[in-house]
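Asks: Next up is a structure, given as structure tokens.
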Amino acid sequence: MARVLLTARVSGDAADRLGTEHSLVHRAEDSPMPRADLLAAVEGVDALVAMLVDRIDAELLDAAGPQLRVVANVAVGYDNIDVAACRQRGVVVTNTPGVLTDATADLAIALTLMTTRALGSAERRVRTGEPWRWSMTANLGTGLRGKRFGVIGPGAIGLATAQRALAFGTEILLAGRSTPDAGAVEALGATVVDLDELLATADVVSVHCPLTPATRHLVGADQLRAMKPTAHLVNTARGPIVDEAALVAALEAGEIAGAGLDVFEDEPRVHPGLLGRDDVVLLPHIGSATVETRAAMADLAADNVLAVLAGQDPVTPVRG
Ligand code: DGY
226 MARVLLTARV SGDAADRLGT EHSLVHRAED SPMPRADLLA AVEGVDALVA MLVDRIDAEL
286 LDAAGPQLRV VANVAVGYDN IDVAACRQRG VVVTNTPGVL TDATADLAIA LTLMTTRALG
346 SAERRVRTGE PWRWSMTANL GTGLRGKRFG VIGPGAIGLA TAQRALAFGT EILLAGRSTP
406 DAGAVEALGA TVVDLDELLA TADVVSVHCP LTPATRHLVG ADQLRAMKPT AHLVNTARGP
466 IVDEAALVAA LEAGEIAGAG LDVFEDEPRV HPGLLGRDDV VLLPHIGSAT VETRAAMADL
526 AADNVLAVLA GQDPVTPVRG
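Quick note: the sequence shown uses the numbering used here, first residue 226, plus one each step.
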């Protein structure tokens, strides 16, 4: 029987499945595990089921000890994990691709509609009791039909978002470091462009690339300035891909029209310059937050742990 640590409450039956086969310590709380508690709890475990808020670095791996065999992240993004340090110690790293694609793409479209139609500010107006009447000219947003929808990072979630955006009558632009699948490009009738062209011509710029050293502040002051003043930025990937201070400055200067953000540079802190603005929509990192998706993510993490502990190949290993 191996020792497994699960650092937060998860939905579905993942914890039961892990606990039936192994000796499971399940910290059944929603808040991130305090660092000191995590370092203490990880000592001697064979498998760690981690959340994206848990930093898995050399210090933690040393605290765990040489018996640690697998770190299963309950997220598709794994920028919280020092993969090279894990590899050096022979620790397998896994993530949860696929199961959260639809939920995250749905949210990217929700944010697109919220920012382009100014739904956040309209809803606040009603909620705060501000007097309102139907009028031809109040609360106007912009429509999507005939507009260009730009995807930065056309992986699974980016392409699923593009597919949805297509249904709204947009023309799809794709830009990324790797060439998207030719079949997917054709099915979307998409144009593959470089980042500069996407920024200069898209009406909605939706960020879907992973956070890596190369993508940190990929959208900064210059990139925001290059966007159309009528364009909207949507980010459901990772906060640090967008330079938040530069975004505030760009909004203030009218360099772009609005933004829909589900992720922030220093979560859960949000740049104070964003909080009072009516031209931004702010959500608390809920891209994958559906009952079904969160259960599927935990389940896939459990599948990975059970496979590695049984001496089998992990289901969804991180290869990067
Ligand atoms: C992920 O899986 O990386 C998401 O950010 C979780 O919501």
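C-beta: ideal position from N, C-alpha, C; glycine also.
Assuming Thr518 contacts Leu325 (C-beta within less than 8 Å), just tell me the rounded distance between them.
Replies: By 1-based counting over the sequence shown, the position of residue 518 is 293. By 1-based counting over the sequence shown, the position of residue 325 is 100. So it is a contact: roughly 5 Å between Cβ atoms.
Asks: Can you name, in chain order, every residue of its own chain whose Cβ lies under 6 Å from the Cβ of Met276, other than the five neighbours on each side?
Replies: For the purposes of this step, residue 276 is identified with residue 51 of the sequence shown, where counting begins at 1. Closer than 6 Å at Cβ, skipping near neighbours: Thr232, Ala233, Val299.
Asks: Please confirm whether His433 and Ile382 have their CB atoms less than 8 Å apart.
Replies: Here the question's residue 433 lines up with position 208 in the sequence shown. Here the question's residue 382 lines up with position 157 in the sequence shown. It is a contact, given that the beta carbons lie within the stated cut-off.
Asks: Just confirm the distance between the C-beta atoms of Ala239 and Ala283, as a whole number of angstroms; I'd bet it's less than 8 Å.
Replies: Taking the sequence shown and counting its residues from 1, one reaches residue 239 at position 14. Taking the sequence shown and counting its residues from 1, one reaches residue 283 at position 58. Not a contact, Cβ separation roughly 27 Å.
Asks: Return yes when the C-beta of Ala300 is under 7 Å from any heavy atom of the ligand DGY, and no when it is not.
Replies: The sequence position of residue 300 within the sequence shown is 75, counting from 1. It does: the Cβ of Ala300 is within 7 Å (strictly closer) of some heavy atom of the ligand DGY.
Asks: Locate the beta strand (DSSP E) running through Asn298, then write down its first and last residues.
Replies: Walking along the sequence shown from the start, residue 298 turns up at place 73. Unbroken beta strand (DSSP E) run through Asn298: 295–298.
Asks: Using three-state DSSP, classify Asp487 as helix, strand or coil.
Replies: Here residue 487 refers to the residue found at position 262 when the sequence shown is read from its first residue. Of the three classes helix, strand and coil, the one that applies to Asp487 here is coil, per DSSP.
Asks: With distances taken from CA atoms, which of Thr515, Asp503, Asn529, Ile466 is nearest Ala347?
Replies: Here residue 347 refers to the residue found at position 122 when the sequence shown is read from its first residue. Measuring from the Cα of Ala347, the nearest candidate turns out to be Asp503.
Asks: Is the beta carbon of Gly269 within less than 7 Å of some heavy atom of the ligand DGY?
Replies: Counted from its first residue, the sequence shown places residue 269 at position 44. Residue side-chain check: Gly269 keeps its Cβ at 7 Å or more from all non-hydrogen atoms of the ligand DGY.
Asks: Give a yes or no on whether the C-beta atoms belonging to Pro435 and Asp304 are separated by under 8 Å.
Replies: Residue 435 sits at position 210 when you count from the first residue of the sequence shown. Residue 304 sits at position 79 when you count from the first residue of the sequence shown. In this structure, Pro435 lies near Asp304, with their beta-carbon atoms less than 8 Å apart.
Asks: Can you tell which of Glu396, Leu332, Asp419 has its C-alpha closest to the C-alpha of Ser403?
Replies: Your numbering for residue 403 matches position 178 in the sequence shown. Out of Glu396, Leu332, Asp419, Asp419 has the C-alpha closest to the C-alpha of Ser403.
Asks: Thinking C-beta only, is Leu525 closer than 8 Å to Thr321?
Replies: Numbered from its first residue, the sequence shown carries residue 321 at position 96. Numbered from its first residue, the sequence shown carries residue 525 at position 300. Yes, the Cβ-Cβ distance between Thr321 and Leu525 is below 8 Å.
Asks: Looking at the strands, I want to know which residues DSSP matches up with Asn460.
Replies: Within the sequence shown, numbered from 1, the residue matching residue 460 stands at position 235. Bridge partners of Asn460: Val432, Leu486.
Asks: State the DSSP-derived secondary structure class of Arg402, mapped to helix, strand or coil.
Replies: The residue given as residue 402 occupies position 177 in the sequence shown. Here Arg402 sits in coil by DSSP.
Asks: Can you tell which of Leu413, Ala471, Val506, Asp255 has its C-alpha closest to the C-alpha of Arg214?
Replies: The structure shown does not extend to residue 214, since the chain is modelled only from 226 to 545, so the question has no answer here.
Asks: Spatial neighbours of Gly485 within its chain, please: C-beta separation below 6 Å, excluding the five flanking residues on both sides.
Replies: Counting from 1 along the sequence shown, the entry for residue 485 is found at position 260. Answer for Gly485: Leu336, Met339, Thr340, Val459, Val506, listed in chain order.
Asks: Just tell me which of Val278, Asp271, Val301, Gly302 has its CA closest to the CA of Ala288.
Replies: Along the sequence shown, read from residue 1 onward, the residue named residue 288 stands at position 63. The residue from Val278, Asp271, Val301, Gly302 with its alpha-carbon nearest to that of Ala288 is Asp271.
Asks: Tell me whether Gly399 is buried or exposed, calling it buried when 16 or more other Cβ atoms sit within 10 Å of its Cβ.
Replies: Position 174 of the sequence shown holds residue 399. Sequence inspection shows Leu at residue 399; the Gly mentioned does not correspond to that position. Burial of Leu399 is indicated by the presence of at least 16 other C-beta atoms within 10 angstroms of its C-beta.
Asks: Have a look at Leu369 and Leu413 and give me their C-alpha separation to the nearest angstrom.
Replies: Walking along the sequence shown from the start, residue 369 turns up at place 144. Walking along the sequence shown from the start, residue 413 turns up at place 188. Roughly 16 Å between the two C-alpha positions.
Asks: Here's the rule I'm using: 16 or more other beta-carbon atoms within 10 Å means buried, otherwise exposed. How should Gln448 be labelled?
Replies: Position 223 of the sequence shown, counted from the start, is the residue given in the question as residue 448. So Gln448 ends up on the buried side.
Asks: Around the C-beta of Asn529, are 16 or more other C-beta atoms found within 10 angstroms, so that it is buried, or is it exposed?
Replies: Counting from 1 along the sequence shown, the entry for residue 529 is found at position 304. Buried is the call here.
Asks: Over the uninterrupted alpha helix (DSSP H) stretch that includes Ser248, give me the two end residues.
Replies: By one-based count along the sequence shown, residue 248 stands at place 23. Note, Ser248: premise wrong, no alpha helix (DSSP H); beta strand (DSSP E) at 248–251.
Asks: Per the DSSP calculation, Gly375 is bridged to which residue(s)?
Replies: Counting from one through the sequence shown, the residue named residue 375 turns up at place 150. For Gly375, which the question treats as bridged, DSSP gives the partners Leu398, Val430.
Asks: Where does the unbroken beta strand (DSSP E) through Arg314 begin, and where does it stop?
Replies: Reading the sequence shown from its first residue, position 89 is the one you call residue 314. Segment: none, Arg314 is in no beta strand (DSSP E) and carries neither H nor E.
Asks: If you drop the 5 nearest sequence neighbours on each side, which residues of the same chain put their C-beta closer than 7 Å to that of Val267?
Replies: On the sequence shown, residue 267 is found 42 positions in, with the first residue counted as 1. Contacts found: Leu230, Leu273, Leu285, Ala288, Ala289.
Asks: Are the Cβ atoms of Pro542 and Val317 separated by less than 8 Å?
Replies: Along the sequence shown, read from residue 1 onward, the residue named residue 542 stands at position 317. Along the sequence shown, read from residue 1 onward, the residue named residue 317 stands at position 92. Yes; because the gap between Cβ atoms is below 8 Å, this pair is in contact.
Asks: Does the beta carbon of Gly512 fall short of 7 Å from some heavy atom of the ligand DGY?
Replies: Counting from one through the sequence shown, the residue named residue 512 turns up at place 287. Gly512 Cβ: within cutoff of the ligand DGY.
Asks: Specify the secondary structure class of Ile334 as computed by DSSP and reduced to three states.
Replies: As a working note, residue 334 is residue 109 in the sequence shown. Correct three-state label for Ile334: helix.
Asks: Considering just the uninterrupted stretch of the beta strand (DSSP E) at Val516, what are its terminal residues?
Replies: By one-based count along the sequence shown, residue 516 stands at place 291. Note, Val516: premise wrong, no beta strand (DSSP E); alpha helix (DSSP H) at 516–534.
Asks: Can you tell me the Cα-Cα spacing of Thr395 and Pro509, whole angstroms?
Replies: The sequence position of residue 395 within the sequence shown is 170, counting from 1. The sequence position of residue 509 within the sequence shown is 284, counting from 1. In this structure, the alpha-carbon of Thr395 lies about 27 Å from that of Pro509.
Asks: Under the criterion of a Cβ to heavy atom distance below 7 Å, does Thr515 qualify as lining the ligand PLP?
Replies: Within the structure as shown, the ligand PLP is missing, the only ligands being the ligand DGY.
Asks: Please name the residue in Arg450, Leu499, Pro465 whose C-alpha comes closest to that of Gly479.
Replies: Here the question's residue 479 lines up with position 254 in the sequence shown. The candidate whose alpha carbon is nearest that of Gly479 is Arg450.
Asks: Hey, how far is the Cα of Val516 from the Cα of Leu534?
Replies: The count along the sequence shown starts at 1 and reaches residue 516 at position 291. The count along the sequence shown starts at 1 and reaches residue 534 at position 309. Roughly 27 Å separates the two Cα atoms.
Asks: CB of Leu277 to nearest heavy atom of the ligand DGY: below 7 Å?
Replies: By 1-based counting over the sequence shown, the position of residue 277 is 52. Leu277 Cβ: within cutoff of the ligand DGY.
Asks: Determine the contact status of Ala265 and His247, defining contact as a CB-CB distance below 8 Å.
Replies: Along the sequence shown, read from residue 1 onward, the residue named residue 265 stands at position 40. Along the sequence shown, read from residue 1 onward, the residue named residue 247 stands at position 22. No, these two residues do not count as a Cβ contact at 8 Å.
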